[in-house]
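**Student:** The sequence shown begins at 1037 in my numbering and counts up by one. Just so it is clear, CB atoms sit at the ideal spot from N, CA and C, and this is done for glycine as well. Only a predicted model underlies this, so the values are computations on that prediction, with no experimental measurement involved.
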Amino acid sequence: MRQRRFGTPELAVVAVLALLVAGALLLGGGKAEPTRTVVSPERLARVERGVEQIRGLRFKRPVSVEVMTADEARAYAERETDGDARQAVATGGELMMLLGLVEPGYDFDSLAADLFGEQVAGFYDPVEERLVLVEGVGIDDGTLAHELTHALEDQHYDLERLGDADGVVYDGDGAVGESGLVEGTAMLVMTRYLERNPGAVSFGEAFGQLLSASAARPLPEAIMRSLTFPYLAGERFVRRLYGTTGDWRLVDVALRDRPPASSAELLDADRWLRAVRPERVPVPAADAPGAGWRRISQSTFGENDLRELLRDPLDERPAGRLAAGWAGGTVVLWRRGPLPAADCAAPCRARDALALRLRLDSARAARRLRSALETWIAVTLDGAGVDADEVISRVGQDGLVQVGGSGREVRVAMAPDAAVLERLLR
């Protein structure tokens, strides 16, 4: 992936795939005219002035605007998903399927290109400092206000610096937190712009289209929720910061000095206000599974990821209550052989090993989570006990899974044999 874009939120669980669609505002207002005939310099200047007044910042320089056709947008996404990025998508998809978040065999390979070709209205690119709009997709003033907020904040706070790597572990959950801050600010500005300009197309219309998966390619529910999460949770977070002081000061502090480091801070802004940061959770060594295994992915695993994991077996509210005890998490995936593999359909449990490490805010919360994860294995993964104590469960034809840990620690391991499971749970 050559660059980071802002506009549409990130996939909470497949954080790498998220970077392929982050930056595109999915679905503009459907009643607007095609882009090339509508976005005149006069209209752009009018919306810019409205954004400046609401946000309390001034543009330092003109915003460069580029228009792409839908085919050009799809080709752009395909270029962005070449090479390492395409491999990262395959890895992220394997992880989602292993965890039961997406049905086996789902085609992740063309997802980003399909999103750009079918559902994207526009995106802001902080590397090139340009606003890209897609021809033929209805672009209303609310959409423009949203994307121009990104451009305005980029000129003041350098959005490109967000998401920079910090150490060996990819901080996917931290990227979701940062995306929620950026998206939440743009959402609040856009909402207030629409309130001041009632003739503009309601963002709710476009958002409703996205939620109903009305595009040619419906998305799995877990991906849909992950795409919308930074919009919704991010706006609530920004509203809380704004409401604390009655102005944008705390939002500016977050953008300049201390963006949210986790999805947990989006879900509970008090965490950010109290400067409660995620705890680092140690994971098995790179060679923990043994000879022949290679580590292909390591990332943080956040509160919203945990909510998604528990949503199927427990329903939304119980899952949210349990996940609220999250204090930190990391997930690691190893592979034996190539990924993808033509002779082993995804998820290839015979060649995958996974370690999920979580830390809760109390031993009691950890005990409750371990119990809930046993339910997740039985309900979501359709696992069945294979040993006398039913501690180890078989998933599919070739996979084993086990829950462990003590005190505040919760551990989950997946592997094709019990010896690897044991090593990953140590």
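#1: Answer yes if the stretch 1332-1340 comes into contact with the stretch 1290-1303, meaning at least three C-beta pairs across the two stretches below 8 Å, and no otherwise.
#2: Excluding the five sequence neighbours on either side, which residues of its own chain have a C-beta within less than 8 Å of the C-beta of Glu1271, listed in chain order?
#3: With distance defined between alpha-carbon atoms, name the residue in Ala1401, Pro1383, Val1427, Gly1365 nearest to Gly1210.
#4: Just grab the DSSP bridge partners of Ala1451 for me.
#5: For Trp1284, which three-state DSSP category applies?
#6: Quick check: Ala984 and Leu1346, are their CB atoms within less than 8 Å of each other?
#7: Using 8 Å as the threshold, is the C-beta distance between Gly1178 and Leu1417 below it?
#8: What's the call for Gly1279, buried or exposed, on a 16-neighbour Cβ count within 10 Å?
#9: Kindly examine the ligand COA and report whether one of its heavy atoms sits closer than 7 Å to the Cβ of Glu1102.
#10: Under 8 Å: do the stretch 1092-1112 and the stretch 1126-1134 share three or more Cβ pairs, one atom per stretch?
#11: Buried or exposed for Asp1425, please, with buried defined as at least 16 other CB atoms from any protein chain shown within 10 angstroms of its CB.
#12: Comparing alpha-carbon positions, which option in Arg1285, Gly1441, Glu1445 lies nearest Glu1315?
#13: First and last residue of the alpha helix (DSSP H) that includes Ile1090?
#14: Report the rounded CA-to-CA distance for Leu1375 versus Ala1121, giving the unit in angstroms.
#15: Going by alpha carbons, who is nearest to Met1104 out of Tyr1160, Arg1097, Ala1322, Arg1085?
#16: What number of angstroms, rounded off, separates the C-alpha of Pro1077 from the C-alpha of Asp1143?
#17: Is the beta carbon of Pro1320 less than 8 Å from the beta carbon of Ala1391?
#18: In the DSSP output, which residue or residues are listed as bridge partners for Tyr1206?
#19: Tell me the DSSP bridge mates of Ser1100?
#20: State yes or no: is the C-beta of Leu1169 within less than 8 Å of the C-beta of Val1101?
#21: For Lys1067, does the three-state DSSP call read helix, strand or coil?
#22: I believe Gly1437 touches Gly1419 by the beta-carbon criterion, under 8 Å. Please report the beta-carbon distance rounded to the nearest angstrom.
#23: Would Ala1213 be called buried (16 or more neighbouring beta carbons within 10 Å of its own) or exposed?
#24: Use the C-beta contact count for Arg1310: other C-beta atoms within 10 angstroms, 16 or more gives buried, fewer gives exposed.
#25: Less than 8 Å between the C-beta atoms of Pro1325 and Ala1126, yes or no?
#26: Along the chain, where does the beta strand (DSSP E) that runs through Ile1428 open and close?
#27: Can Leu1180 and Val1083 be called in contact, C-beta distance under 8 Å?
#28: Which residues share a DSSP beta bridge with Cys1380?
#29: Looking at the unbroken beta strand (DSSP E) that takes in Gly1365, where does it start and where does it end?
**Tutor:** In this structure, then:
#1: yes
#2: Glu1219, Gly1220, Met1223, Leu1224, Thr1227
#3: Gly1365
#4: Leu1436
#5: coil
#6: In the structure as shown, the chain begins at 1037 and stops at 1462. Residue 984 is therefore absent and cannot be evaluated.
#7: no
#8: exposed
#9: In the structure on display, the ligand COA does not appear, and there are no ligands present to speak of.
#10: no
#11: exposed
#12: Glu1445
#13: 1077-1091
#14: 13 Å
#15: Tyr1160
#16: 40 Å
#17: yes
#18: Ser1335
#19: Arg1166
#20: yes
#21: Only weak support exists for where Lys1067 lies, its pLDDT of 44 falling under 50; the coordinates are left without a value.
#22: Residue identity differs from the one stated: residue 1437 is Val in this sequence, not Gly. Right, the Cβ-Cβ distance comes to about 6 Å (below 8 Å), so this counts as a contact.
#23: The identity of residue 1213 in the sequence shown is Gly, whereas the question assumes Ala. With 16 or more other Cβ atoms within 10 Å, it is buried.
#24: exposed
#25: no
#26: 1428-1431
#27: yes
#28: Ala1377
#29: 1362-1371
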